[in-house]
Each structure stands twice: as structure tokens, then as C-alpha cells.
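There are 2 protein chains.
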Amino acid sequence: MIDEKVKKLATAANFGTITTLMRDGSPSTHVMWVDADDEYVLINTEIGRMKYRNVKRDPRVVVTVWDAADPYSYAEVRGEVVDEVRGPQARAHIDALSQKYNGTDFSDDSIQTERVILKIRPLRQRSY
Amino acid sequence: MIDEKVKKLATAANFGTITTLMRDGSPSTHVMWVDADDEYVLINTEIGRMKYRNVKRDPRVVVTVWDAADPYSYAEVRGEVVDEVRGPQARAHIDALSQKYNGTDFSDDSIQTERVILKIRPLRQRSY
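Chains as they are written, first to last, in the working numbering: chain A, 983 to 1110; chain B, 983 to 1110.
Structure, rendered in C-alpha cells:
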């Protein structure tokens, strides 16, 4: 289950990071939109992106999300990508994220391959 | 050498993250104060922290830093901790960071072990 503070941070219009592991085991981190439901941290990316290829090879990730108004208030979630969702559901989810952050739907022109939702099961959650 | 955009982001009062690798190779990420000089990204931590133990075992890290006013503008620096500085210089550096972010010196009461500056040599720098 997702901690209450993590869920609150991740479902508000706060930015976060996802870290994935490269083939040689070194980390790579990107600033991202974030989301969560009661069980998973949700990251919406594309199947053509390096971070997607990384998690297909090694599902271990870490997601941070900080309060946009107070970065000292943040959460770290270490976990694993245990499932993915493509198709209309992933396309609708990126619209919902775009509405959350920017107040508009996501442009088709911004999609190069296919959207995919990464479902991240938390193994360790810490809030600061 | 540090890219101009990375240096500009890291020397302003912007927050960032550092990701280090746990013993099992999984990543851990924390939101941090950041700094840079012309050659290195600089992170000030304590020798008693997990992230310090992690980089002593595996020096590979990634640092991100985003514009506090516009998180879409951010940099990712993948690199290695190649040197460290302890003692008065590290203590003075955390005061300088505290002045940058909070406008006050850093409290001695907040130091549990010893401050240390991690000098991170960039291997790959990307700006978005």
C-alpha cells in the first residue's frame, strides 16, 4: 500500500524524479510528472524511451516527489516496476496528468512512440 | 568541465537530487542542496550517512538539479565521486550553502557526525 503522505504528494501537481538503472548498473534520473493510486506509484512514459528499456531489463527504480511549495517536504519510494499499461488507458492517463500540471490535454504531436504507464510497487517508502 | 547550464542551475538556490547505489545495486535518491565549481558538481553530506557509505563502495552517482521557478528546466549529470573534502573547508561549505538557500549559517546542532564535500566528475551532462 502507498503511504498517505506519498499519495498526497504524488497526486497533487508536484514534480518528481524516476531513477532507472543502465545496462552497466549505473543510475540515470529524470524529472517527471508523477501519480499514485492506493497500491502503486504511477509514471507515464513512452516505450521508445531509455527509461522504459531500462526497467524492462532491471525493474528496480526509485521515485522521489517533493512539495512544489516546499522541497524540504519530500518522499522517496524505492520499488520495482511490476506491471505496465499501454493503449487507450495510457493515452488517457497522460491527458489526465497534463490536465493536472498544465490544465490542458496532452498533444498527440508530443507522442513519438506509444505512451505506457509503469506501475511501481513500493518496497520502501520514506518521507522527510 | 561543467556545462554552463549545469553550473548556472547548481550555483543558484535550486534544489536537486543525488542518487547513489545500495550494496545490492539498487538505487537510492535524496533531495539535496547542490553546488558546482568549474570542474565538479559538489554535494555536501555527512560521513555518517548512507549515501556517503554508498559512494565509498561504488562511486557512480547521478545528480539532477531543476530551476525552482520552472522544473521543466533541469539538468541531469551522471558521473563519479572522485574526491572528498572534510574538515574546516567542508564545514565552511555547508555554511555557504545554508546562506544560499536559507540566508543563515548552518547550525552546529544539525551536524551529527562530520560534514564532507563529495566532488563529482561529470561523465555525461544533459539539460532539458
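The beta carbon of each residue, even a glycine, is placed where N, CA and C say it ideally should be.
All values reported here derive from a predicted model rather than from experimental measurement.
Runs of beta strand (DSSP E) lying entirely within the stretch 1041-1108 of chain A, each at least 3 residues, in chain order: 1042-1049, 1052-1067
Short CB-CB distance (under 9 Å) between L1153(A) and chain B: Given that chain A is displayed from residue 983 to residue 1110, the structure contains no residue 1153(A) and the question cannot be resolved.
Validate contact between the stretch 1026-1036 of chain A and the stretch 1066-1076 of chain B using beta carbons, cut 8 Å, 3 pairs: no
Stretch-stretch touch, CB-based, cutoff 8 Å, three pairs: the stretch 1041-1055 of chain A with the stretch 1006-1023 of chain B: yes
Neighbour flag for P1053(A) against chain B, beta carbons, 9 Å: For this step, residue 1053(A) is matched to residue 71 along the first sequence. Answer yes: the Cβ-Cβ gap between P1053(A) and chain B drops below 9 Å somewhere.
Residue-chain proximity (A1050(B), chain A), Cβ-Cβ < 9 Å: Reading the second sequence from its first residue, position 68 is the one you call residue 1050(B). So yes, A1050(B) belongs to the interface.
Alpha-carbon spacing of A992(A) relative to V1016(A), whole angstroms: Here residue 992(A) corresponds to residue number 10 of the first sequence, with the count starting at 1. Here residue 1016(A) corresponds to residue number 34 of the first sequence, with the count starting at 1. Using only the alpha carbons, I get a separation of about 6 Å.
Under 9 Å (Cβ pairs) to chain B, residues found in the stretch 1007-1021 of chain A: G1007, S1008, P1009, S1010, T1011, H1012, V1013
For E1021(B), the first and last residue of its enclosing beta strand (DSSP E): What you label residue 1021(B) is simply residue 39 of the second sequence in a count that begins at 1. From DSSP, E1021(B) is part of no beta strand (DSSP E); its letter is neither H nor E.
Nonlocal neighbours in the same chain, by C-beta distance under 6 Å from R1060(B), ignoring five residues either side: Counting from one through the second sequence, the residue named residue 1060(B) turns up at place 78. Closer than 6 Å at Cβ, skipping near neighbours: V1044, L1105, R1106.
Where N1026(B) falls: helix, strand or coil (DSSP): Walking along the second sequence from the start, residue 1026(B) turns up at place 44. Correct three-state label for N1026(B): strand.
Residue from K990(A), G998(A), I1099(A), R1108(A) whose Cα sits closest to the Cα of W1048(A): Here residue 1048(A) corresponds to residue number 66 of the first sequence, with the count starting at 1. It is G998(A) whose Cα lies nearest to the Cα of W1048(A).
Closer than 7 Å at the beta carbon, the chain B residues around Y1056(A): On the first sequence, residue 1056(A) is found 74 positions in, with the first residue counted as 1. Going along chain B in sequence order, the residues near Y1056(A) (Cβ under 7 Å) are V1013.
Simplified DSSP state of M983(B), which is helix, strand or coil: Position 1 of the second sequence holds residue 983(B). If DSSP states are grouped into helix, strand and coil, M983(B) belongs with coil.
Residues that DSSP places opposite G1007(B) in a beta bridge: Here residue 1007(B) refers to the residue found at position 25 when the second sequence is read from its first residue. Paired residue(s): none; G1007(B) is not in a bridge.
Where the stretch 1080-1096 of chain B meets chain A: residues whose CB sits under 7 Å from a CB there: none
Residue environment, R1039(B), which counts as buried when at least 16 other CB atoms sit within 10 Å: Numbered from its first residue, the second sequence carries residue 1039(B) at position 57. Burial call: exposed.
Sequence-distant residues of the same chain with beta carbon closer than 7 Å to V1013(A), five excluded per side: Numbered from its first residue, the first sequence carries residue 1013(A) at position 31. Excluding residues within five positions, the ones whose Cβ falls inside 7 Å are F997, T999.
N1001(A) - partner residues in DSSP beta bridges: Your numbering for residue 1001(A) matches position 19 in the first sequence. For clarity, residue 1001(A) is Thr in the given sequence; the question names Asn instead. In DSSP, T1001(A) forms a bridge with T1011(A), V1044(A).
Contacts around D985(A), its chain only, beta-carbon distance under 6 Å, and the 5 residues preceding and following it disregarded: Against the first sequence, residue 985(A) aligns to sequence position 3. Q1107.
Minimum Cβ-Cβ distance from V1044(B) to chain A less than 9 Å: For this step, residue 1044(B) is matched to residue 62 along the second sequence. It does; some Cβ of chain A falls within 9 Å.
Separation of Y1022(B) from S1055(A), as counted between CA atoms: The sequence position of residue 1055(A) within the first sequence is 73, counting from 1. The sequence position of residue 1022(B) within the second sequence is 40, counting from 1. Near 27 Å, if we compare the C-alpha coordinates of Y1022(B) and S1055(A).
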